[in-house]
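Here is the structure we will look at.
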Amino acid sequence: DSGVTQTPKHLITATGQRVTLRCSPRSGDLSVYWYQQSLDQGLQFLIQYYNGEERAKGNILERFSAQQFPDLHSELNLSSLELGDSALYFCASSNGGAGYGYTFGSGTRLTVV
Amino acid sequence: ELKVEQNPLFLSMQEGKNYTIYCNYSTTSDRLYWYRQDPGKSLESLFVLLSNGAVKQEGRLMASLDTKARLSTLHITAAVHDLSATYFCAVDDRNNDMRFGAGTRLTVKP
Numbered sequence: 051d052s053g054v055t056q057t058p059k060h061l062i063t064a065t066g067q068r069v070t071l072r073c074s075p076r077s078g079d080l081s082v083y084w085y086q087q088s089l090d091q092g093l094q095f096l097i098q099y100y101n102g103e104e105r106a107k108g109n110i111l112e113r114f115s116a117q118q119f120p121d122l123h124s125e126l127n128l129s130s131l132e133l134g135d136s137a138l139y140f141c142a143s144s145n146g147g148a149g150y151g152y153t154f155g156s157g158t159r160l161t162v163v
Numbered sequence: 033e034l035k036v037e038q039n040p041l042f043l044s045m046q047e048g049k050n051y052t053i054y055c056n057y058s059t060t061s062d063r064l065y066w067y068r069q070d071p072g073k074s075l076e077s078l079f080v081l082l083s084n085g086a087v088k089q090e091g092r093l094m095a096s097l098d099t100k101a102r103l104s105t106l107h108i109t110a111a112v113h114d115l116s117a118t119y120f121c122a123v124d125d126r127n128n129d130m131r132f133g134a135g136t137r138l139t140v141k142p
């Protein structure tokens, strides 16, 4: 157990729907990162939050949004889902120090049908 | 924009052989990370390299960093089947923003 908890582990939904993925960072970590991993695009950085505030944005679609709550857990909202959104979504956390890099959760596998 | 390139992207090795995976990056950084990912699983941290000339070893894997050349290597010695996985390097651009390479899918054959 890495200490980063992601739920749900698997999600199957229809096109056009909206889903929410949840991440609880490792205890003491203030930063949360979201990544999308698909077969053809590799590991894509979506967005970073630090202590409740958005810190960096990557290749995140406008249909996607995220937030980090006061208890530091984060949610990634995906709306108007398309078949191409099917992927593994990882959350990672860090304490900002260079010594450990990121700790990854086990991921949420999203399948859009 | 920070770019991270790994090569090769696919590597098929015989057990017992040695090989090296290369990771080049485009901007100044002295923070380089290697991760391992098994199919359908999460990313597991292997090495953290934080200075020029840093070398770390764990079992049959050894990672090094040359910040002047903007190059890190992951050397595999006497490969065994259990090392079959995808290996990612990642670079921290000091804006607390980590960029990953495309990954090297390693298959070790008996």
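Protein sequences, first through last, are from chains A and B. If you read the first sequence in the numbering used here, its first letter stands for residue 51, the second for the next number, and so on. If you read the second sequence in the numbering used here, its first letter stands for residue 33, the second for the next number, and so on. Every residue gets a Cβ at the ideal spot worked out from N, C-alpha and C, and that includes glycine. Since the model is a prediction, treat every value here as computed from it, not as a measurement.
Contact of D129(B) with chain A is assigned, a C-beta pair being separated by under 8 angstroms. Annotated as distal: V82(A) and S129(A), with beta-carbon spacing of 8 angstroms or more. Residue state for H113(B) is assigned as helix, using DSSP reduced to three classes.
Annotation for H113(B): E47, V140 and P142 place their beta carbon closer than 7 angstroms to its own, counting only its chain and skipping 5 residues before and after. The C-beta of G78(A) comes no closer than 8 angstroms to any C-beta of chain B. Neighbourhood of F95(A) in chain B, by CB distance below 8 angstroms: D129, M130, R131 and F132, in chain order.
For the pair L131(A) and T63(A), the CB atoms are nearer than the 8 angstroms cut-off. Inter-residue distance for S77(B) and Y152(A) is about 8 angstroms (C-alpha atoms, whole angstroms). Only residues of its own chain outside the window of five on either side were considered, and among them L80 and S81 have a CB closer than 7 angstroms to the CB of Y100(A), listed in chain order. Chain order gives no chain A residues near V140(B), where near means a beta carbon separation below 7 angstroms; the closest approach is about 22 angstroms. Taking A86(B) as the centre and dropping the five residues before and after it, the same chain places the C-beta of L97 closer than 6 angstroms to its C-beta, in chain order.
One thing to note: M45(B) has its Cβ within 8 angstroms of the Cβ of L138(B). Counting every other CB atom within 10 Å of its CB across the protein chains shown gives D121(A) a total below 16, marking it as exposed.
L93(A) is the residue among L93(A), G157(A), V54(A) and T70(A) whose C-alpha sits nearest the C-alpha of F120(B). Note that the C-beta distance between R72(A) and T57(A) is below 8 angstroms. Inter-residue distance for T52(B) and Q38(B) is about 11 angstroms (C-alpha atoms, whole angstroms).
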